[in-house]
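Each step along the sequence shown adds one to the number in my numbering, with nothing skipped, and position 145 is 146.
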Amino acid sequence: MLESVLLSLIEALKQLSYFGVILALTFEFVPAELVLPLVGYWVYQGDMNLYLAILAGTVGGVCGPLTLYGLGRYGGRPLVLKYGKYFLVKEKEIDAADRFFNKYGSGVAFFGRFIPGVRTAISFPCGMAKMNVWLFSIYTFVAMLPVTAIYVYLGYKLGPKWKEVGPIVSQYMQPIGIGIVVLIALFFIIKYVRNKQVGQS
């Protein structure tokens, strides 16, 4: 029922072409996993250009997190906890994102996008910490570009079977997320060891 309502909304926004794609992704309650494969299907139908669709999807993928960033920056934690549910973000996800940000710093605006349970909520602590908005936007754009490209391209290649894209991508996102966490951990271990060696010399 909810999916059919969301699909009707996305289809209506199609009338606005690429701007409609950006607008659809600005609403965080509209899952990108639903929008982007459908956009790929529109490319398959010849209604959109593949590269412009990916660009619009990526820009929309930055606008959505910016709204959550703004809520965190100007509303603080009480407002985030109060209104986070309207963006389909639970308190435990906010807490997890908060811990992740405190541990790894501003780089999570990039890395956090690949980690389930953190990717949406990570914008809140970035805002609450008053991270530079341009840096946040650049990190988010760079992280969203490959993800958007994968979803749109698969939607384009699968055509009428575009709804199969979500399950296909999700099974690979978790291993990618785990790999990124491992790389982050290795980075900080190496950094810690090097700092310790410098301190001893």
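Ideal Cβ placement from N, Cα and C applies to all residues, glycine included.
Tell me the residue span of the alpha helix (DSSP H) that contains M145. V134 to L159
Relative to the alpha-carbon of G71, which residue among W163, K131 and Q172 has its alpha-carbon at the smallest distance? K131
CB-CB under 6 Å to G62, same chain, minus the five flanking residues each way: which ones, in chain order? L26, M145 and T149
Does the beta-carbon distance from L24 to L35 come in below 8 Å? no
Let me know if P66 comes out buried or exposed under the rule of 16 or more other beta-carbons within 10 Å of its beta-carbon. buried
Alpha-carbon spacing of P38 relative to W135, whole angstroms: 28 Å
In this structure, how does DSSP classify N50 when only helix, strand and coil are distinguished? coil
Rounded to whole angstroms, how far is the Cβ of V60 from the Cβ of L51, which I believe are closer than 8 Å? Contact doesn't hold; Cβ gap of about 15 Å is too wide.
Kindly indicate which residue of G156, Y42, P32 and F20 has the alpha-carbon position closest to the one of T121. P32
Counted within 10 angstroms of its Cβ, other Cβ atoms place E4 as buried (16 or more) or exposed: exposed
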